[in-house]
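Colleague:
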Amino acid sequence: MRKMLNFLAFLTFVHCTNTPAIMDKEALKEEIRQAEQAFNDLAASEGVQTAFLAFAAEDATIVRGDQVIKGKAAIGNYFDRQTLKDVKLSWYPDFIDVSDDGTLGYTYGPYDFAAVNPEGEVVESSGTFHTVWKRQPDGNWKFVYD
Numbered sequence: 837m838r839k840m841l842n843f844l845a846f847l848t849f850v851h852c853t854n855t856p857a858i859m860d861k862e863a864l865k866e867e868i869r870q871a872e873q874a875f876n877d878l879a880a881s882e883g884v885q886t887a888f889l890a891f892a893a894e895d896a897t898i899v900r901g902d903q904v905i906k907g908k909a910a911i912g913n914y915f916d917r918q919t920l921k922d923v924k925l926s927w928y929p930d931f932i933d934v935s936d937d938g939t940l941g942y943t944y945g946p947y948d949f950a951a952v953n954p955e956g957e958v959v960e961s962s963g964t965f966h967t968v969w970k971r972q973p974d975g976n977w978k979f980v981y982d
């Protein structure tokens, strides 16, 4: 009987220690929404390059046209080579979701872009953005794909 009780106690301990914490998905979605808003606000106040570098994870990837740019340093180099002036970019998420374990999230929604090219012409585009976010060890969210 004693062995059976010890075994049941052991199983209870193992079950309790291996059960993941219940995640408040709505709270995590709100964290991602706030990160997305802060990202947009920084782009408006300090510029697109500053914002992208502030919110990119070290291993982030961005896709621009047919270019796949991997890594935060490469993203910085990509923006350094841009010749557009007076760049304006704004967006907001229409949809946010987060993984059951609370480590990844994704957003999508409308964006508007405007800039002046080297010839002095205004270039505009709008569409739908897609961003994948990863929760960092410090609890902050950084994008890993845009």
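Just so we're aligned: 936 in the numbering used here is position 100 of the sequence shown, and the numbers increase by one with no gaps anywhere.
All C-beta atoms in this analysis are idealised placements derived from N, C-alpha and C, irrespective of residue type, glycine included.
Because the structure is a prediction, the values reported are computed rather than measured.
Can you check the region 926-971 for any beta strand (DSSP E) of at least 3 residues that lies completely inside it and give the ranges in chain order?
Modeller: Entirely contained in the region 926-971, the beta strand (DSSP E) runs reaching 3 residues are, in chain order, 931-934, 940-952, 958-971.
Colleague: In whole angstroms, what is the alpha-carbon distance linking E960 and T919?
Modeller: Within the sequence shown, residue 960 is the residue found at index 124, counting from 1. Within the sequence shown, residue 919 is the residue found at index 83, counting from 1. C-alpha separation (whole angstroms): 15 Å.
Colleague: Counting Cβ pairs closer than 8 Å, one from the region 957-974 and one from the region 877-889, do we hit at least three?
Modeller: Taking 8 Å as the limit for Cβ pairs, the verdict is that the region 877-889 does not touch the region 957-974.
Colleague: Looking at C-alpha atoms only, which residue of I911, K970, W927, A910 is the closest neighbour of T939?
Modeller: To locate residue 939, count along the sequence shown from 1; it is residue 103. Nearest C-alpha to T939: K970.
Colleague: Got a sec? Which residues, its chain only, sit under 8 Å from D916 by beta carbon, not counting five neighbours each side?
Modeller: As a first step, residue 916 must be located in the sequence shown, where it is residue number 80. Around D916: Q885.
Colleague: What number of angstroms, rounded off, separates the C-alpha of F949 from the C-alpha of V899?
Modeller: One-based indexing of the sequence shown puts residue 949 at position 113. One-based indexing of the sequence shown puts residue 899 at position 63. Roughly 16 Å separates the two Cα atoms.
Colleague: Are the beta-carbon atoms belonging to D930 and G941 less than 8 Å from one another?
Modeller: Locating residue 930 in the sequence shown gives position 94, where the first residue counts as 1. Locating residue 941 in the sequence shown gives position 105, where the first residue counts as 1. For D930 and G941, no; Cβs fall outside 8 Å.
Colleague: For D982, is the classification buried or exposed, using 16 other Cβ atoms within 10 angstroms of its Cβ as the cut-off for buried?
Modeller: What you label residue 982 is simply residue 146 of the sequence shown in a count that begins at 1. D982 should be labelled buried.
Colleague: Going by beta carbon distance, what residues of the same chain come within less than 7 Å of R869, once the five residues before and after it are set aside?
Modeller: Locating residue 869 in the sequence shown gives position 33, counting from the first residue. Only P929, I932 meet the Cβ criterion.
Colleague: Checking the sheet assignment: what are the DSSP bridge partners for A900?
Modeller: Your numbering for residue 900 matches position 64 in the sequence shown. Per the sequence shown, the amino acid found at residue 900 is Arg instead of Ala. In the DSSP output, where bridge partners are listed per residue, R900 has Q903.
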